[in-house]
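Asker: Let me begin by handing over the structure; questions about it come next.
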């Protein structure tokens with residue numbers, strides 16, 4: 031396929047031709063007579079207001095490939111050149127084939143390495159191509175800010191066990207970056223079905239059996255000012271999109287797609303992240319559409335379509351006696367369809383910490399098993415030990431939640447030793463999807479708060495005020 035030579039390559043070729051000029055050759059630039067390349071560099075030092083240096087690794091072109099020399103050279107850039115145009119690094123120009131069969135991992139690495147040292151570059155994954163990429167990390171912290179990863183094509187994960195070794199926690203990772211943007215109309219395809227069922231495994235020899243550790247499709251770690259917009263992530267082996275230890279995160283226009291029965295395939299997973307905005311996205315998966323875990327605060331989610339999946343959840347928190355603190359969470363103007371729960375808080379017995387100041391507002395549910403839930407006895411395995419310690423839950427508001435349920439409209443199961451307090455409900459209207467003679471009434475246990483309006487169905491189990499006895503454990507976050 032013929033392509034125009036990239037602008038960056040033309041610059042390189044010009045530089046190479048200049049280097050080829052003999053030292054005795056006179057050249058004229060901006061009115062100054064300069065003798066050879068070294069003299070030009072000396073003049074540059076005397077006129078720093080008119081010229082600037084930038085470093086690039088220079089490619090040596092052959093008929094079929096690019097070989098990168100490690101030697102760095104100084105590139106003269108005139109102040110009259112269009113320096114405001116950011117550099118674009120197309121993975122095809124670094125050797126990627128994009129045929130869906132050839133391993134393109136090294137080409138992606140090379141494109142990232144070339145872009146990383148600049149400010150405001152774009153790494154382009156072009157449309158019309160399918161790139162097979164093994165586990166890869168696009169790493170800082172020594173990269174420049176404002177890198178754009180422009181995904182227009184399709185990236186697919188390998189389906190052979192050899193690529194994954196004994197198990198890897200993430201497939202594509204961006205780590206320790208500042209002002210990183212991942213955007214475009216492209217697709218990240220996790221090919222998770224081989225993990226969910228191990229259908230490709232030879233049950234006799236174990237040939238090609240996938241590791242028990244399933245990777246997250248796209249993880250962003252330890253980064254600030256992160257934007258993810260427009261892309262589609264589908265069929266991840268496990269979680270689709272994870273933010274860990276990030277600050278100032280914006281997610282919009284993202285599509286997540288995997289079957290409703292795909293195990294542990296959370297849509298978006300937040301952990302130890304602060305100041306997060308997720309909006310105008312469609313999330314269909316086999317677990318929580320959005321999972322908000324320990325260490326998260328100041329999270330706003332709005333205009334999200336969830337389903338199939340398990341709804342939008344805070345937790346599970348406090349597993350294995352850990353401390354978990356979550357605060358200032360708002361979920362509004364969103365829909366849940368054919369999900370296990372709608373809006374949920376779930377904590378393990380034995381944990382510590384607190385969930386505080388949570389708002390669920392303007393939520394539409396359609397054939398959701400249990401639209402409203404707090405479960406301080408959460409357990410996703412066969413048997414869990416009873417424990418009086420718990421993650422405290424307080425200041426939770428539900429307002430204008432409407433639609434249909436298939437199992438139970440409201441389920442509040444709070445700790446005996448640390449009851450839920452400050453639970454407020456306003457304009458709750460939930461109808462059974464399939465009217466029948468049997469219906470599960472709202473359930474409350476150790477739940478304190480108030481009903482600010484009448485509800486459908488009536489929720490008479492909320493206890494007014496606060497518990498008479500002080501909590502048996504100190505709440506610190």
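In my numbering, the protein residues as written are 31 to 507.
Glycine is no exception: its CB is placed at the ideal position from the N, C-alpha and C atoms.
Go to residue 141, then tell me how far its beta strand (DSSP E) extends in each direction, as first and last residue.
Answerer: Counting from one through the chain shown, the residue named residue 141 turns up at place 111. From DSSP, residue 141 is part of no beta strand (DSSP E) but of the alpha helix (DSSP H) over 135–146.
Asker: Please go through the region 135–205 and give each complete alpha helix (DSSP H) segment of 4 or more residues, from N-terminal end onward.
Answerer: Qualifying alpha helix (DSSP H) stretches, in chain order: 135–146.
Asker: Taking the alpha helix (DSSP H) that residue 224 falls in, what are its first and last residues?
Answerer: Within the chain shown, the letter at position 194 stands for residue 224. Element bounds for residue 224: 223–226.
Asker: To the nearest angstrom, report how far apart residue 332 and residue 217 are at their CA atoms.
Answerer: Counting from one through the chain shown, the residue named residue 332 turns up at place 302. Counting from one through the chain shown, the residue named residue 217 turns up at place 187. Their backbone Cα atoms lie some 23 Å apart in a straight line.
Asker: What are the boundary residues of the beta strand (DSSP E) that residue 401 is part of?
Answerer: Here the question's residue 401 lines up with position 371 in the chain shown. 400–405 is the extent of the beta strand (DSSP E) around residue 401.
Asker: Report the three-state DSSP secondary structure of residue 370 (helix, strand or coil).
Answerer: Here the question's residue 370 lines up with position 340 in the chain shown. Reduced to three states, the DSSP call for residue 370 is coil.
Asker: To the nearest whole angstrom, what separates the beta carbons of residue 317 and residue 352, a pair I think is in contact under 8 Å?
Answerer: If you number the chain shown from 1, residue 317 lands on position 287. If you number the chain shown from 1, residue 352 lands on position 322. Not a contact, Cβ separation roughly 20 Å.
Asker: With a floor of 3 residues, list each beta strand (DSSP E) that falls wholly inside the region 420–463, ordered by position along the chain.
Answerer: Counting only runs of 3 or more, we get 422–435, 440–443 and 450–462.
Asker: Would you decide whether residue 192 is buried or exposed? Buried here means 16 or more other CB atoms lie within 10 Å of its CB.
Answerer: On the chain shown, position 162 is the one that residue 192 refers to. Classification of residue 192: exposed, given that the 10 Å Cβ count is below 16.
Asker: Is it the case that the Cβ atoms of residue 207 and residue 242 are separated by a distance below 8 Å?
Answerer: Walking along the chain shown from the start, residue 207 turns up at place 177. Walking along the chain shown from the start, residue 242 turns up at place 212. Result no, Cβ atoms of residue 207 and residue 242 do not sit closer than 8 Å.
Asker: Taking the beta strand (DSSP E) that residue 482 belongs to, which residues open and close that run?
Answerer: Here the question's residue 482 lines up with position 452 in the chain shown. Premise fails: residue 482 is in no beta strand (DSSP E) and is neither H nor E.
Asker: By Cβ distance below 6 Å, which residues in the same chain neighbour residue 212 in space, the five residues on each side in sequence not counted?
Answerer: Along the chain shown, read from residue 1 onward, the residue named residue 212 stands at position 182. Excluding residues within five positions, the ones whose Cβ falls inside 6 Å are 179 and 258.
Asker: Residues bridged to residue 332 by DSSP?
Answerer: Translated into positions along the chain shown, residue 332 becomes position 302. Residue 332 is bridged to 309 and 362.
Asker: Between the Cα of residue 379 and the Cα atoms of 427, 263, 327 and 443, which residue gives the shortest distance?
Answerer: What you label residue 379 is simply residue 349 of the chain shown in a count that begins at 1. Of the listed residues, the one whose Cα sits closest to residue 379 is 443.
Asker: Who are residue 286's beta bridge partners in DSSP?
Answerer: Mapped onto the chain shown, residue 286 falls at position 256. The partner list for residue 286 (beta bridge, DSSP) reads 263 and 313.
Asker: How long is the line joining the alpha carbons of residue 282 and residue 458, rounded to whole angstroms?
Answerer: Looking up residue 282 in the chain shown gives position 252. Looking up residue 458 in the chain shown gives position 428. Roughly 28 Å separates the two Cα atoms.
Asker: How long is the line joining the alpha carbons of residue 429 and residue 306, rounded to whole angstroms?
Answerer: The count along the chain shown starts at 1 and reaches residue 429 at position 399. The count along the chain shown starts at 1 and reaches residue 306 at position 276. Straight-line Cα distance between these residues: approximately 22 Å.
Asker: Who are the Cβ neighbours of residue 319 in its own chain at under 6 Å, not counting the five residues just before and after it?
Answerer: In the chain shown, the residue the question calls residue 319 occupies position 289. Counting only Cβ-Cβ distances below 6 Å, and skipping sequence neighbours, we find 297, 313, 336, 339 and 342.
Asker: Among the residues of its own chain, which have a CB less than 6 Å from the CB of residue 365, if the five just before and after it don't count?
Answerer: By 1-based counting over the chain shown, the position of residue 365 is 335. Hits under 6 Å: 335 and 394.
Asker: Could you give the first and the last residue of the continuous beta strand (DSSP E) run that contains residue 273?
Answerer: Against the chain shown, residue 273 aligns to sequence position 243. That run of the beta strand (DSSP E) goes 271–274.
Asker: Skipping 5 residues on each side, what residues in its chain have a beta carbon closer than 6 Å to that of residue 374?
Answerer: Here residue 374 refers to the residue found at position 344 when the chain shown is read from its first residue. Hits under 6 Å: 341, 343 and 403.
Asker: Can the beta-carbon of residue 476 be found closer than 8 Å to that of residue 498?
Answerer: Position 446 of the chain shown, counted from the start, is the residue given in the question as residue 476. Position 468 of the chain shown, counted from the start, is the residue given in the question as residue 498. Cβ distance not < 8 Å, so residue 476 and residue 498 don't count as in contact.
Asker: Residue 279 to residue 255, Cα distance in whole Å?
Answerer: Taking the first residue of the chain shown as position 1, residue 279 is located at position 249. Taking the first residue of the chain shown as position 1, residue 255 is located at position 225. Straight-line Cα distance between these residues: approximately 6 Å.
Asker: Label residue 495 either buried or exposed according to how many other C-beta atoms from any shown protein chain fall within 10 Å of its C-beta, with 16 as the threshold for buried.
Answerer: For this step, residue 495 is matched to residue 465 along the chain shown. Exposed is the call here.
Asker: If the criterion is Cβ atoms closer than 8 Å, does the pair residue 426 and residue 453 meet it?
Answerer: Counting from one through the chain shown, the residue named residue 426 turns up at place 396. Counting from one through the chain shown, the residue named residue 453 turns up at place 423. Yes; because the gap between Cβ atoms is below 8 Å, this pair is in contact.
Asker: DSSP beta-bridge partners for residue 385?
Answerer: Sequence index remark: in the chain shown, residue 385 carries index 355 (1-based). 356 and 423, per the DSSP bridge assignment.
Asker: In this structure, does DSSP put residue 408 in helix, strand or coil?
Answerer: Within the chain shown, the letter at position 378 stands for residue 408. Residue state, collapsed to three classes: coil.
Asker: Sort 265, 308 and 362 by Cα distance to residue 292 and report the nearest one.
Answerer: In the chain shown, residue 292 corresponds to position 262, counting from 1. Residue 265 is the option with its Cα nearest to residue 292.
Asker: To the nearest angstrom, report how far apart residue 118 and residue 210 are at their CA atoms.
Answerer: Here residue 118 is taken as the residue at index 88 of the chain shown, counted from 1. Here residue 210 is taken as the residue at index 180 of the chain shown, counted from 1. Whole-angstrom Cα-Cα distance: 15 Å.
Asker: May I ask you to report which of helix, strand or coil DSSP gives residue 413?
Answerer: Stepping through the chain shown from its first residue, residue 413 is reached at position 383. Note: residue 413 maps to coil in three-state DSSP.
Asker: When the Cα atoms are used, what is the spatial distance from residue 508 to residue 276?
Answerer: Residue coverage of the chain in this structure runs from 31 to 507, which leaves residue 508 outside it and unanswerable.
Asker: So residue 381 packs on residue 349, CB below 8 Å; how close in whole Å?
Answerer: Mapped onto the chain shown, residue 381 falls at position 351. Mapped onto the chain shown, residue 349 falls at position 319. Indeed, because the Cβ distance is near 7 Å, the residues count as touching under 8 Å.
Asker: On the three-state DSSP scale, how would you describe residue 122?
Answerer: Taking the first residue of the chain shown as 1, we reach residue 122 at position 92. Reduced to three states, the DSSP call for residue 122 is helix.
Asker: If you draw a straight line from the C-alpha of residue 315 to the C-alpha of residue 284, how long is it?
Answerer: As a first step, residue 315 must be located in the chain shown, where it is residue number 285. As a first step, residue 284 must be located in the chain shown, where it is residue number 254. Distance between the alpha carbons of residue 315 and residue 284: 13 Å.
Asker: Using the three-state DSSP reduction, which class does residue 350 fall into: helix, strand or coil?
Answerer: Within the chain shown, residue 350 is the residue found at index 320, counting from 1. Helix.
Asker: What residues match up with residue 253 in a beta bridge as DSSP calls it?
Answerer: In the chain shown, residue 253 corresponds to position 223, counting from 1. Bridge partners of residue 253: none, in fact.
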